[in-house]
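Mapped onto the numbering used here, the consecutive letters of the sequence shown carry residue numbers 5 to 360. Note that beta-carbon positions come from the ideal geometry of N, C-alpha and C, so glycine has one too.
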Amino acid sequence: MGHGIRASGADPRPLLELGVPVLSSWQGADLVDNSHPMYFGRPGIYGQRCANRILYEADQVLSIGCRLTPWMIGHAGLRPEQELLMVDVDGSEVARFPDAKWVGGDAKEFIEQLSEEGPKQWAAICHSYRLVYPWIERPAHDDTNGYINSYRFIERLETLLCPEEIICTDVGANMCPVFQALHLKPPQRLLTSGGLGEMGCALPAAIGASFATGNGQVLCLAGDGGLLMNIQELQTVVHHKLPVKIIVFANDGYGMIKGTHKNLKIDYAGVDKKSGVSMPRFMQVAQDFGMQAGIVKSWEDFDRVMPQFLFTNEPALLEVFIDPEQTYVPRLQPIISDDGKITPPKFYELSPAIHA
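Have a look at this one:
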């Protein structure tokens, strides 16, 4: 289930009533109520364990309005013996999968014609996986070194979101906890750049979303490195008095690139203060722009500051301090041999490894 469903104007809710496990792309994360029993999450390289295992073990995969990028299905792709049926208006996208069957038509019409129920035994197996693979994992998502873990932060933030929340997220280290840990329910919206992956997209997107909703409230989730790419747009927010609330995950640089350096066993270069890149104190910067601003360094700070921050109708920024060495897991970790050869693991073998 992908963004093509929204583009077609289809109602995706009937898919949840077929008795078939439903997965979504990251761009389709807000299409249906994430707490519905038949919604099993979002697979990918930085996917959810339950979703990845279901996608890997399924005998048949029906892709509606979804291009199945490597970010979603891994670089190794689907298993050769899996049957793939793709509903897409663009045959050239389907041609990337030579064995796929193509339904070249409108996703809305296709969904409206679906009626066959799926096998109950397969649904029961998928429900058992849900019990084994929680969205928040211990100890991987516990607080470390006196900092707040960003996955735990998203878990707590979720309870305070309004029913019509519009969330714009940047890419990289701040995006993974959002897409791996946040439950959404329409009409809540989650906007990001998708596969483009450009740093700094969250703030301009939040400004656009606010204008598009009549200067509506928008929650912007940005990393410290990403926000520096378009930090001048804070003046746009202030100038137009947009009720954009910015949460900056301050982790001393580029969290995802740090992870890549660790995986490849190379020294840090240009990713944090010690290796040549430093960050300002964003609370001070925001105040200089004339915004309300605060910091969160503890859960006591969270309880004291967050409710007021979320419900203010003024431009505001909150700097949340995250462990600079926090890991972003689960992830599909490449297997690197002693001679440097990189081999992809099986799609459900996310790191850190757990056994079910």
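**Prompt:** Going along the chain, which residues of its own chain have a beta-carbon closer than 7 Å to the beta-carbon of residue 168, five neighbours each way excluded?
**Reply:** Your numbering for residue 168 matches position 164 in the sequence shown. 191, 192, listed in sequence order.
**Request:** Would you mind giving the Cβ-Cβ distance between residue 27 and residue 58, rounded to the nearest angstrom? I have them listed as a contact below 8 Å.
**Result:** Within the sequence shown, numbered from 1, the residue matching residue 27 stands at position 23. Within the sequence shown, numbered from 1, the residue matching residue 58 stands at position 54. About 7 Å; that satisfies the 8 Å criterion.
**Asked** Would you report the Cα separation of residue 324 and residue 258, rounded to the nearest angstrom?
**Response** Position 320 of the sequence shown, counted from the first residue, corresponds to residue 324. Position 254 of the sequence shown, counted from the first residue, corresponds to residue 258. About 15 Å.
**Request:** Assuming residue 174 and residue 216 form a contact by the criterion Cβ under 8 Å, report the distance between their Cβ atoms to the nearest whole angstrom.
**Result:** Looking up residue 174 in the sequence shown gives position 170. Looking up residue 216 in the sequence shown gives position 212. Wrong, their Cβ atoms sit about 19 Å apart, outside the cutoff.
**Item:** Separation of residue 327 from residue 150, as counted between CA atoms
**Value:** Start at 1 with the first residue of the sequence shown, and residue 150 comes out as number 146. Start at 1 with the first residue of the sequence shown, and residue 327 comes out as number 323. Spanning the two alpha carbons is a distance of roughly 8 Å.
**Asked** What span of residues does the alpha helix (DSSP H) with residue 180 cover, start to end?
**Response** Along the sequence shown, read from residue 1 onward, the residue named residue 180 stands at position 176. From DSSP, the alpha helix (DSSP H) with residue 180 extends over 179 to 185.
**Item:** Run of the beta strand (DSSP E) containing residue 89, from where it starts to where it stops
**Value:** Taking the sequence shown and counting its residues from 1, one reaches residue 89 at position 85. Residue 89 -> beta strand (DSSP E) spans 87 to 91.
**Asked** How would you write the range of the alpha helix (DSSP H) that residue 227 sits in, first residue to last?
**Response** For the purposes of this step, residue 227 is taken as the residue at position 223 of the sequence shown. First-last for residue 227: 222 to 227, but that is the beta strand (DSSP E), not the alpha helix (DSSP H).
**Prompt:** DSSP beta-bridge partners for residue 170?
**Reply:** Walking along the sequence shown from the start, residue 170 turns up at place 166. Partner(s): 193.
**Prompt:** With a Cβ-Cβ cutoff of 7 Å, do residue 2 and residue 107 count as a contact?
**Reply:** The structure shown does not extend to residue 2, since the chain spans only 5 to 360, so no value can be given for it.
**Prompt:** DSSP on residue 245, reduced to helix/strand/coil?
**Reply:** Reading the sequence shown from its first residue, position 241 is the one you call residue 245. Note: residue 245 maps to coil in three-state DSSP.
**Prompt:** Do the stretch 112 to 126 and the stretch 154 to 170 make contact, defined as three or more Cβ pairs closer than 8 Å?
**Reply:** no
**Item:** Spatial neighbours of residue 212 in its chain, beta-carbon cut-off 6 Å, leaving aside the 5 residues before and after
**Value:** The residue you call residue 212 lines up with position 208 of the sequence shown. Excluding residues within five positions, none has a Cβ falling inside 6 Å.
**Prompt:** What three-state label does DSSP hand residue 148 in the structure shown?
**Reply:** In the sequence shown, the residue the question calls residue 148 occupies position 144. It is coil, neither helix nor strand.
**Request:** To the nearest angstrom, report how far apart residue 344 and residue 33 are at their CA atoms.
**Result:** Along the sequence shown, read from residue 1 onward, the residue named residue 344 stands at position 340. Along the sequence shown, read from residue 1 onward, the residue named residue 33 stands at position 29. Residue 344 and residue 33: Cα-Cα distance of roughly 35 Å.
**Request:** Would you kindly work out how many angstroms separate the C-alpha atoms of residue 84 and residue 300, rounded to a whole number?
**Result:** Here residue 84 refers to the residue found at position 80 when the sequence shown is read from its first residue. Here residue 300 refers to the residue found at position 296 when the sequence shown is read from its first residue. Using only the alpha carbons, I get a separation of about 48 Å.
**Message:** Whole angstroms are fine: how far does the CA of residue 60 sit from the CA of residue 129?
**Reply:** The residue labelled residue 129 in the question sits at position 125 within the sequence shown. The residue labelled residue 60 in the question sits at position 56 within the sequence shown. Going by the C-alpha atoms only, they are around 13 Å apart.
**Message:** My assumption, with CB atoms under 8 Å, is that residue 287 sits in contact with residue 298. Please give the rounded CB distance.
**Reply:** Along the sequence shown, one-based indexing puts residue 287 at 283. Along the sequence shown, one-based indexing puts residue 298 at 294. Confirmed, about 6 Å.
**Message:** Given this structure, state the Cα-to-Cα distance separating residue 109 from residue 160, to the nearest angstrom.
**Reply:** Within the sequence shown, residue 109 is the residue found at index 105, counting from 1. Within the sequence shown, residue 160 is the residue found at index 156, counting from 1. Computed Cα separation, rounded: 41 Å.
**Request:** Could you tell me which residues DSSP pairs with residue 298 in its beta bridges?
**Result:** The residue you call residue 298 lines up with position 294 of the sequence shown. Bridge partners of residue 298: 322.
**Prompt:** So, is residue 307 buried or exposed, given that buried needs 16 or more other C-beta atoms within 10 angstroms?
**Reply:** As a working mapping, residue 307 is identified with position 303 in the sequence shown. Residue 307 comes out exposed.
**Prompt:** Rounded to the nearest angstrom, how far is the Cβ of residue 12 from that of residue 112, given a contact under 8 Å?
**Reply:** Position 8 of the sequence shown, counting from 1, holds the residue named residue 12. Position 108 of the sequence shown, counting from 1, holds the residue named residue 112. Yes, residue 12 and residue 112 are in contact; Cβ-Cβ is about 4 Å, under 8 Å.
**Asked** Hey, would you say residue 209 sits closer than 7 Å to residue 195, going by beta carbons?
**Response** Here the question's residue 209 lines up with position 205 in the sequence shown. Here the question's residue 195 lines up with position 191 in the sequence shown. Yes, the Cβ-Cβ distance between residue 209 and residue 195 is below 7 Å.
**Message:** Contact defined as beta carbons within less than 8 Å: I believe residue 271 pairs with residue 256. What is the distance between those atoms, to the nearest angstrom?
**Reply:** Along the sequence shown, read from residue 1 onward, the residue named residue 271 stands at position 267. Along the sequence shown, read from residue 1 onward, the residue named residue 256 stands at position 252. That belief does not hold up - the Cβ atoms of residue 271 and residue 256 are roughly 16 Å apart, past 8 Å.
**Asked** Which residue comes first and which comes last in the alpha helix (DSSP H) that contains residue 289?
**Response** As a first step, residue 289 must be located in the sequence shown, where it is residue number 285. Here the alpha helix (DSSP H) through residue 289 covers 286 to 293.
**Request:** Kindly indicate the opening and closing residues of the alpha helix (DSSP H) around residue 125.
**Result:** As a working mapping, residue 125 is identified with position 121 in the sequence shown. Residues 124 to 136.
**Item:** Distance between beta carbons of residue 186 and residue 250, contact taken as under 8 Å
**Value:** Residue 250 sits at position 246 when you count from the first residue of the sequence shown. Residue 186 sits at position 182 when you count from the first residue of the sequence shown. Going by Cβ atoms, the distance from residue 250 to residue 186 rounds to 17 Å, so no, they are not a contact pair.
**Asked** For residue 16, which of 230, 214, 189, 246 has the nearest alpha-carbon?
**Response** In the sequence shown, residue 16 corresponds to position 12, counting from 1. Ranking 230, 214, 189, 246 by Cα distance to residue 16 puts 189 first.
**Asked** Under a Cβ-count criterion, where at least 16 other Cβ atoms within 10 Å of its own Cβ denotes burial, should residue 62 be classed as buried or exposed?
**Response** Counted from its first residue, the sequence shown places residue 62 at position 58. It is buried - the Cβ of residue 62 has at least 16 other Cβ atoms within 10 Å.
**Asked** Taking the DSSP output, what are the residues bridged to residue 117?
**Response** Here residue 117 refers to the residue found at position 113 of the sequence shown. DSSP output for residue 117 lists no bridge partner at all.
**Asked** Less than 7 Å separating the beta-carbons of residue 91 and residue 77?
**Response** In the sequence shown, counting from the first residue as 1, residue 91 sits at position 87. In the sequence shown, counting from the first residue as 1, residue 77 sits at position 73. For residue 91 and residue 77, no; Cβs fall outside 7 Å.
**Asked** Rounded to a whole number of angstroms, what is the C-alpha to C-alpha distance between residue 332 and residue 260?
**Response** As a working note, residue 332 is residue 328 in the sequence shown. As a working note, residue 260 is residue 256 in the sequence shown. Near 8 Å, if we compare the C-alpha coordinates of residue 260 and residue 332.
**Asked** How about residue 346 and residue 334: do their beta carbons lie closer than 7 Å?
**Response** Walking along the sequence shown from the start, residue 346 turns up at place 342. Walking along the sequence shown from the start, residue 334 turns up at place 330. No.
**Asked** For residue 317, does the count of other Cβ atoms within 10 angstroms reach 16, so buried, or fall short, so exposed?
**Response** As a first step, residue 317 must be located in the sequence shown, where it is residue number 313. Exposed, by the Cβ-count rule.
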